[in-house]
Amino acid sequence: MAVVTLRFIFISEPDKPVVTVKVPDSMLFQEALVIAAKQQNKDPTILSATYPAGTPITGGTVGEVAEKNTVIHVIDPSVVG
């Protein structure tokens, strides 16, 4: 089982904190997002994730997401408004 490193950038925060997680490539992407959100004390149920170009990440495994990009932008609509 391969391990993938994902970088979650919380772009809606003023200081744009980055959370790096190393997870199995077979893990569901949503589970990795929950891990990153908890490290920032965020409610993962309201967050959305996109690739840097703005394309939404709708699901799949970490491996499938990482094939496109390992940098993930996380948006908190409660901060953006």
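Start counting at 1 in the sequence shown, then tack on 4, and there's your number in our numbering. Glycine included, each C-beta is placed from N, C-alpha and C at the ideal position.
Buried or exposed by the 16-neighbour rule on C-beta atoms within 10 Å, applied to residue i
i          : result
residue 65 : buried
Contact check, residue i vs residue j, beta carbons under 8 Å
i          : j          : result
residue 37 : residue 57 : no
residue 61 : residue 39 : no
residue 69 : residue 17 : no
residue 46 : residue 80 : yes
residue 20 : residue 9  : no
Beta-carbon contacts of residue i that lie in its chain and below 6 Å, excluding the five residues immediately before and after
i          : result
residue 6  : 29
residue 78 : 12, 14, 51, 53
residue 31 : 66
Cβ shell of residue i (< 8 Å), same chain only, five flanking positions each side left out
i          : result
residue 33 : 53, 61, 63, 64, 65, 66, 68, 69
residue 22 : 11, 12, 13, 14
residue 24 : 9, 10, 11, 12
Which listed residue (the options) has its alpha carbon closest to that of residue i
i          : options    : result
residue 55 : 19, 73, 44 : 73
residue 90 : 59, 48, 71 : Nothing can be reported for residue 90, as the shown portion of the chain is limited to 5 through 85.
Residues near residue i in its chain [Cβ-Cβ closer than 7 Å; skip 5 each side]
i         : result
residue 2 : Outside the shown range of the chain (5 to 85) lies residue 2, about which nothing can therefore be said.
Just list the beta strand (DSSP E) runs in the region 31-75, keeping only unbroken ones of 3 residues or longer that don't cross its boundaries, in chain order.
Counting only runs that start and end inside the region 31-75, the beta strand (DSSP E) elements of at least 3 residues fall at 52-54.
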